[in-house]
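For the sequence shown, the positions run 591 to 960 when this note's numbering is used.
Down below is the structure, laid out as structure tokens.
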Amino acid sequence: MTSSRSRAFGGPFRYVQGPGELTNLAQHAADYGDRLFLLVDGFLMDSIRARFNDESAAMTWEKFSGECTEAEVGRVAALASEAKAQVIVGVGGGKTLDAAKLAAANLSLPLIIAPTSASTDAPTSAMSVLYKETGEHVRAVCLKHSAELVLVDSSIIAAAPLRLLVAGMGDALSTWFEARANAASDTANYIGRGYRRSLAAMAIAEKCYRTLLADGFTARLALENGAVTEAVENVIEANILLSGLGFENTGCAGAHAVHTGFHEIESAAGAYHGEIVAFGVLFQLMLENAPAVEVEEVLQFMYQVGLPMTMTDLNVEPTEENFQKIAGRILDGNSGVEAEPFLVTRDLVLGALKTADAMGRRFKSRAAKV
Ligand SMILES: [Zn+2]
Numbered sequence: 591m592t593s594s595r596s597r598a599f600g601g602p603f604r605y606v607q608g609p610g611e612l613t614n615l616a617q618h619a620a621d622y623g624d625r626l627f628l629l630v631d632g633f634l635m636d637s638i639r640a641r642f643n644d645e646s647a648a649m650t651w652e653k654f655s656g657e658c659t660e661a662e663v664g665r666v667a668a669l670a671s672e673a674k675a676q677v678i679v680g681v682g683g684g685k686t687l688d689a690a691k692l693a694a695a696n697l698s699l700p701l702i703i704a705p706t707s708a709s710t711d712a713p714t715s716a717m718s719v720l721y722k723e724t725g726e727h728v729r730a731v732c733l734k735h736s737a738e739l740v741l742v743d744s745s746i747i748a749a750a751p752l753r754l755l756v757a758g759m760g761d762a763l764s765t766w767f768e769a770r771a772n773a774a775s776d777t778a779n780y781i782g783r784g785y786r787r788s789l790a791a792m793a794i795a796e797k798c799y800r801t802l803l804a805d806g807f808t809a810r811l812a813l814e815n816g817a818v819t820e821a822v823e824n825v826i827e828a829n830i831l832l833s834g835l836g837f838e839n840t841g842c843a844g845a846h847a848v849h850t851g852f853h854e855i856e857s858a859a860g861a862y863h864g865e866i867v868a869f870g871v872l873f874q875l876m877l878e879n880a881p882a883v884e885v886e887e888v889l890q891f892m893y894q895v896g897l898p899m900t901m902t903d904l905n906v907e908p909t910e911e912n913f914q915k916i917a918g919r920i921l922d923g924n925s926g927v928e929a930e931p932f933l934v935t936r937d938l939v940l941g942a943l944k945t946a947d948a949m950g951r952r953f954k955s956r957a958a959k960v
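Next up, the structure:
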């Protein structure tokens, strides 16, 4: 339970989304400065750079090294400072954006975040994760504020592999259910030192879920056919803006606890964050004994958009040993499950994991026969 009666809401200063919007970067950045330092995912550098023929702003381009370490953040900050940058721009996936966030914070410079996929809701948040050179997680860093601008070019997002957008729907699927759990337990959100959630945050989290149900399947079909329709735009907004504002302003719970639990399982290393979180939603619904109608709605959605629904789908064998390992980590503290509004025991966690897996398997075999 929170120790304060106060509520708080935070987010990026501005959010712009549309096809081709990245090419208007200089125009967007002009509010903050003319000299831009762009940190870009290595494999995207040529295709991104090719979009800029008229460089009205002075742009310094740098490839991200591939891991968001203290050394990489220091290197980027030193180069940006040498280039006398006035604005830091991160273009790419999660780790590139995290490094850009930290470098901008180190230099106290305005930050523009331009995600190239909608696979998670991290672009809008004020959090970054630091890793060792070997890829092991070091710590999450909470920054003072989110980016000045989150600039989403929907034509770039639509051109990324479909699996990324589907994974992002898995991350976004958790937002409403976790918000609801945090509201029931009155747990602090991630704004500043943590406050109670606002009505705005709860409305955003619910809208996120409703948008996925309304547009998720159509968006998938559209992208499979190379079309960037309004449904695709809606899902991109749900995955990045609604989910991002939603989770940071309400909090995580059981679904993200499963993601933490999966850190213990090596064979799941190839699964994306949002894919594991989606299975985590099934776990949370089982843990909370959610109404059957709601469970059916979620299962139907996951099946239609192609999210993993079982342990096997995530390349994890449903053995007693694996269930025990995951449950052990979930109950180890700070996984998110503490935000559930009741006493969570080992038996409950194990039972919910096993039932979620069985539920996913049952739904898939039933759907395959229809
Ligand atoms: Zn997440």
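In this text, a Cβ means the ideal position worked out from N, Cα and C, and glycines have one as well.
Take the Cβ of residue 923 as the centre, count every other Cβ of all protein chains shown within 10 Å, and call the residue buried at 16 or more, exposed below.
-> Residue mapping note: residue 923 aligns to position 333 of the sequence shown, counting from 1. Residue 923 should be labelled exposed.
When the Cβ atoms of the region 883-896 are set against those of the region 932-942, are three or more pairs found closer than 8 Å?
-> no
Distance, residue 694 Cα to residue 637 Cα = Position 47 of the sequence shown holds residue 637. Position 104 of the sequence shown holds residue 694. Answer to the nearest angstrom: the Cα atoms are 24 Å apart.
On the three-pair Cβ rule with 8 Å, is the region 773-786 touching the region 735-753?
-> no
Would you give the residue range spanned by the alpha helix (DSSP H) that residue 919 belongs to?
-> If you number the sequence shown from 1, residue 919 lands on position 329. Residues 910-920.
Specify, as a first and last residue, the run of the alpha helix (DSSP H) that residue 798 falls within.
-> Here residue 798 corresponds to residue number 208 of the sequence shown, with the count starting at 1. Taken as a continuous stretch (DSSP letters only), the alpha helix (DSSP H) holding residue 798 covers 789-814.
C-beta atoms of residue 867 and residue 937 nearer than 7 Å = Position 277 of the sequence shown, counting from 1, holds the residue named residue 867. Position 347 of the sequence shown, counting from 1, holds the residue named residue 937. Contact flag unset, no.
How many Å lie between residue 679 and residue 600 at the Cα?
-> As a first step, residue 679 must be located in the sequence shown, where it is residue number 89. As a first step, residue 600 must be located in the sequence shown, where it is residue number 10. When rounded, the distance between both Cα atoms is 21 Å.
Nearest-angstrom Cα distance between residue 614 and residue 853?
-> Here residue 614 refers to the residue found at position 24 when the sequence shown is read from its first residue. Here residue 853 refers to the residue found at position 263 when the sequence shown is read from its first residue. So the alpha carbons of these two residues sit roughly 39 Å apart.
Is residue 761 near ligand 1, with its Cβ less than 6 Å from a heavy atom?
-> Indexing the sequence shown from 1 puts residue 761 at position 171. Yes - ligand 1 has a heavy atom lying nearer than 6 Å to the Cβ of residue 761.
Determine the direct distance from the alpha carbon of residue 595 to that of residue 544, and round the result to whole angstroms.
-> In the structure as shown, the chain starts at 591 and stops at 960, and residue 544 therefore has no counterpart that could be examined.
Is residue 954 helix, strand or coil by DSSP?
-> One-based indexing of the sequence shown puts residue 954 at position 364. Residue state, collapsed to three classes: helix.
Limits of the unbroken beta strand (DSSP E) element including residue 652 = Taking the first residue of the sequence shown as 1, we reach residue 652 at position 62. Counting along the chain, the beta strand (DSSP E) containing residue 652 begins and ends at 648-653.
Work out the CA separation of residue 960 and residue 640 for me, nearest whole Å.
-> Locating residue 640 in the sequence shown gives position 50, counting from the first residue. Locating residue 960 in the sequence shown gives position 370, counting from the first residue. Spanning the two alpha carbons is a distance of roughly 47 Å.
Measuring CA to CA, which of 701, 739 and 813 is closest to residue 751?
-> Locating residue 751 in the sequence shown gives position 161, where the first residue counts as 1. For residue 751, the nearest C-alpha among the options comes from 813.
Can you give the Cα-Cα distance for residue 707 and residue 824, rounded to whole angstroms?
-> Position 117 of the sequence shown, counted from the start, is the residue given in the question as residue 707. Position 234 of the sequence shown, counted from the start, is the residue given in the question as residue 824. Their Cα atoms are separated by approximately 14 Å.
Assigned secondary structure, residue 717 (DSSP; H/G/I helix, E/B strand, else coil) | By one-based count along the sequence shown, residue 717 stands at place 127. Note: residue 717 maps to strand in three-state DSSP.
Between the region 788-804 and the region 862-877, do three or more beta carbon pairs fall short of 8 Å?
-> no
Give the secondary structure of residue 689 by DSSP, where H, G and I count as helix, E and B as strand, and everything else as coil.
-> Locating residue 689 in the sequence shown gives position 99, counting from the first residue. In this structure, residue 689 counts as helix in the three-state DSSP scheme.
Local conformation of residue 863 per DSSP, three classes = The count along the sequence shown starts at 1 and reaches residue 863 at position 273. Correct three-state label for residue 863: helix.
Check residue 762 in the structure and name its three-state DSSP category.
-> One-based indexing of the sequence shown puts residue 762 at position 172. If DSSP states are grouped into helix, strand and coil, residue 762 belongs with the helices.
Other residues of its chain near residue 925: CB distance less than 6 Å, five sequence neighbours each side excluded = Position 335 of the sequence shown, counting from 1, holds the residue named residue 925. Hits under 6 Å: 847 and 850.
Would the region 765-774 and the region 869-887 be scored as touching if the rule is three or more Cβ pairs under 8 Å?
-> yes
Rounded separation between residue 677 and residue 713 - CA only = Your numbering for residue 677 matches position 87 in the sequence shown. Your numbering for residue 713 matches position 123 in the sequence shown. The alpha-carbon atoms of residue 677 and residue 713 are separated by roughly 17 Å.
Helix, strand or coil: which one does DSSP assign to residue 873?
-> As a working note, residue 873 is residue 283 in the sequence shown. Residue 873: helix per DSSP, three-state reduction.
Rounded straight-line distance, which links the Cα of residue 667 to that of residue 810 | For this step, residue 810 is matched to residue 220 along the sequence shown. For this step, residue 667 is matched to residue 77 along the sequence shown. Approximately 38 Å between the Cα atoms of the pair.
Span separating the alpha-carbon of residue 632 from that of residue 607 | Residue 632 sits at position 42 when you count from the first residue of the sequence shown. Residue 607 sits at position 17 when you count from the first residue of the sequence shown. Using only the alpha carbons, I get a separation of about 23 Å.
Enumerate in chain order the residues of its own chain whose CB-to-CB distance from residue 659 is below 7 Å, with the five nearest sequence positions on each side excluded.
-> Here residue 659 corresponds to residue number 69 of the sequence shown, with the count starting at 1. 720, 721, 722 and 723, listed in sequence order.
Give every residue of the same chain whose Cβ lies closer than 8 Å to the Cβ of residue 961, excluding the five residues on either side of it in the sequence, and list them in chain order.
-> Given that the chain is displayed from residue 591 to residue 960, the structure contains no residue 961 and the question cannot be resolved.
Would you tell me roughly how many angstroms separate the C-alpha atoms of residue 911 and residue 836, rounded to the nearest one?
-> Here residue 911 refers to the residue found at position 321 of the sequence shown. Here residue 836 refers to the residue found at position 246 of the sequence shown. Cα to Cα, the separation comes out at about 34 Å.
Which class does residue 727 belong to by DSSP, given the choice of helix, strand or coil?
-> As a first step, residue 727 must be located in the sequence shown, where it is residue number 137. The answer is strand: DSSP assigns residue 727 an E or B state.
Which partner residues of residue 708 appear in the DSSP bridge assignment?
-> As a working mapping, residue 708 is identified with position 118 in the sequence shown. According to DSSP, residue 708 bridges with nothing at all.
Do you know how far the Cα of residue 945 is from the Cα of residue 805?
-> Counted from its first residue, the sequence shown places residue 805 at position 215. Counted from its first residue, the sequence shown places residue 945 at position 355. C-alpha separation (whole angstroms): 28 Å.
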